[in-house]
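Structure, as structure tokens:
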Amino acid sequence: MSSHTDTESDWQVFYVLREASEMTSTDDTRIHDVTTSLRSELAALQYKRDRLLNELQDVRNQLKNREQRVLELQNETDQLKEQSARQNSIITSLRNRVQELEERERTLNNALTRTEMSVETLTRENRYQNEKIKEIELKTNHLDLERSSEEQNKKIVQRNMVDVVKRLAAALGAESFESTSVEVITHKASELIQDVSMLRSKNFTLTDTLSTVEIELRSCRDQLEKVISDRESLKRQTTSYLLELDRLKQEKESLESKNRLLERELSEIKDKLQVVSRGLNNAATNISSQEATIDSLKSDIKQKEDRIQEVQNELTHLLETLAIVTSSPTHFVEPQVITIRERVKEIVHELKEKSVELEDLRAKYTTLSQQSTYDTEIRLQDKGRLKALEEEKSLIESRLHKTESELTSCEINRENLKRDKVIFVTFLDRLSRILNMDEISKEVGIELHTESILLRAEQLAKLESGKTIDKSAVVYQLQKRVRTLREQLQRRDLHLDLLRKKINLQEENSRVRSILEAEKEEANLRAKKLQKQNEKLQQQLTEARSSSRDLRNQLADAEEFKSKAIERGHKIEELQKRLNESETLRIRYLEKLTSLKDQLRITSETCDQDRTMNEHTIKLLKDDLLKTKQSLTECQRSENLLSDLRRSVVSLLGLDSSTPDYEIVSKLSKLINAHREYTLVSRRYDDPVRNTGGLSPRYTTLDHGTTASRHLTFDNTRFYDSILDDVDENLNASYNKRPTRNL
């Protein structure tokens, strides 16, 4: 088809050249019209070129300012990222520390319960042992009373024994063993027998008391053995308990320090909960007021979205027409689309990393959509009108200022709202509602909410990339059209060459035609230059808009980082306060532990003192019991001796064992007196001079007061003397012993 069209155009050119000679007059008029039209077009293009150059300068200045601002914002974002990384590390370390403290608190609580149980058991055992000690002390006091009563009885018995011994000595004539009357001996014997009977009765009573005392002593021994075994077990238990107390003291110190820290943290958490509850109440009131505004804004957003879709359709058509008009053989649109794609990918990556809030994006998107709508309306209505474009620019700038003021107000409100976590959740819910992700966000949860939003943004980016692909197809079609236009231009060039030949033939019109051709070429060059400049300016405008969007996004990110840094600084200050409070609690618990240690030491000392006192009292009781046993054995031995003496006396006298003691004593005294009288009489007959001169007054009185029996003719003095000597020795051995007390 293109070759066919070329041949037809060539034939047309040939016919025109052929008819040129015939139509010189008509050509002159046409050339004049063409020159006038070209001059008018040149003037219009020059005006457009000047205007576009001015706009280029303004846009370049704005781009320079924005690049400086972008660099500053990038530096600020880098600093904020570093601060956020540091604060995240600090927060993670503090969270780990809080978890460790909670675990320590649990272990300390368990140890405290164990220590309390052990202390309670120790107190119970101490009470039980104290009660046992009191019972033993009561028993020892009772035994002391019995021992004192027995000692008194013993003293009485000893006195009686001493009296009996004295009487027997007096009755037996222990002072002088010279011859006496039989009546004195019988009187002494009767007195001895009476004393023996009295002693026997007392002996029976003493045996009864001794039997009771022995029973009680056995019971005391058993009790003492039990007490000793209990004391040994108590010693073992006390040693084990002391070791446990030392271990528990150490655990208690650590537990008390941990409890102090935990109590401080609990107090801080309670205060924070109160503050948070107050903030939540205030936030609920603010949220209720803001939800109404949000509903109204949602309705506005829906209307604006509908308008945006219409405007986007119009923009696609406008871009196609502009590409057809502004396309040239030197410049193509494809590399610009690639740059746009790369920028979109970068924006998606930044969205994934930073998790930008969609409310700000919506507001910015509405502002940008308004700008795009205004731009499209201006392009459709006033393509060739410079004044209308300037007015629309002024309107756009005013609206930009308004939107910036609205953005600042929104950022202030956002900073106030970001202090509470609940408002962040509501913010995510709003974003999900705007993106029609309510059900997905409910199923996923709060943790993966941001990731779902980012995936939604990726979907939107993919849709935009698809649109760019469609645009590239349109550009390809436009390039084909440009090629056809180039061919047409080439044909026109051939036509102009033919016209030049015709002008050369015509000498008069040659100069005019050459001038016109030169002017036409210049006009074409200028038109091409202006088209190139227009394309460049449009590219710069698109780049400036994209850079403005990026700058606004970076500003929003920087503000978010600042708010996060402030919040983390507050968190760090709160944690430092908690640490200080925990240190104060640790000091208090250490003081309490020292006081408890002192109390335990005092109680242990008192227990040791009580134990030593009890041991000393037990030793004294043992000594007293040994003394009582010794005294009882001596009493039993003396009683046995007395009973043997009575039996021997009764057997010598030829009496029954049932005869009373006073009869035995009277018979003994009579026998002894008779024996003494007999010895005196025999001595008189043996040595009358010595016996008369050597008589003692005592025995002379006895001779006067008694009548000697003359019936005893046989010599039995030796027999009775030996018996009486044995009796005297036994009596002296048994009754002249003095008890020795072990002090």
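Okay, so the sequence shown: first residue is 30 according to our numbering, each after it adds one. Ideal Cβ placement from N, Cα and C applies to all residues, glycine included. In this text the structure is predicted, and so the values were computed from the model without any measurement.
For residue i, three-class secondary structure by DSSP
| i | result |
| --- | --- |
| T355 | Caution applies to T355, whose pLDDT of 46 falls short of 50 and renders its modelled position unreliable; the model cannot decide the point. |
| T688 | coil |
| G598 | helix |
Contact check, residue i vs residue j, beta carbons under 8 Å
| i | j | result |
| --- | --- | --- |
| L561 | L67 | Note that residue 561 is Lys in the sequence shown here, rather than Leu. No; because the gap between Cβ atoms is not below 8 Å, this pair is not in contact. |
| E280 | A140 | yes |
| T65 | Q583 | no |
| I222 | D690 | yes |
| S283 | L137 | yes |
| S611 | R289 | yes |
| I693 | L682 | yes |
| E294 | K606 | no |
| L570 | R78 | no |
| I120 | K593 | no |
| L614 | L123 | no |
| T169 | T646 | yes |
| L85 | L566 | yes |
| L172 | L650 | yes |
| V678 | L697 | yes |
| C664 | V148 | no |
| K626 | K255 | no |
| I162 | N643 | yes |
| L518 | E546 | no |
| R176 | D653 | yes |
Close beta carbons around residue i, own chain, < 8 Å, minus the five adjacent residues each side
| i | result |
| --- | --- |
| R521 | none |
| L514 | none |
| K110 | F590 |
| E164 | none |
| D113 | In the sequence under discussion, the amino acid at residue 113 is Ser, which differs from the Asp named in the question. So the qualifying residues of the chain are F590, K593, A594, R597. |
| L74 | A552, R555, A556, L559 |
Contact set for residue i: own chain, Cβ-Cβ below 7 Å, skip 5 residues either direction
| i | result |
| --- | --- |
| R428 | Q399 |
| K621 | E285 |
| R133 | K287 |
| L71 | A552, R555 |
Same chain, Cβ closer than 6 Å to residue i, five either side skipped, listed in chain order
| i | result |
| --- | --- |
| R597 | Q116 |
| K4 | A query on residue 4 cannot be resolved here, the shown segment of the chain reaching from 30 to 772 and no further. |
| T688 | none |
Residue i CB to nearest heavy atom of the ligand GDP below 7 Å
| i | result |
| --- | --- |
| E96 | Only the bare structure without any ligand can be found here, which leaves the ligand GDP out of the picture. |
Would you list, in sequence order, the uninterrupted alpha helix (DSSP H) runs of no fewer than 4 residues that lie entirely inside the segment 145-171?
Runs of the alpha helix (DSSP H) lying entirely within the segment 145-171 and spanning at least 4 residues: none are present.
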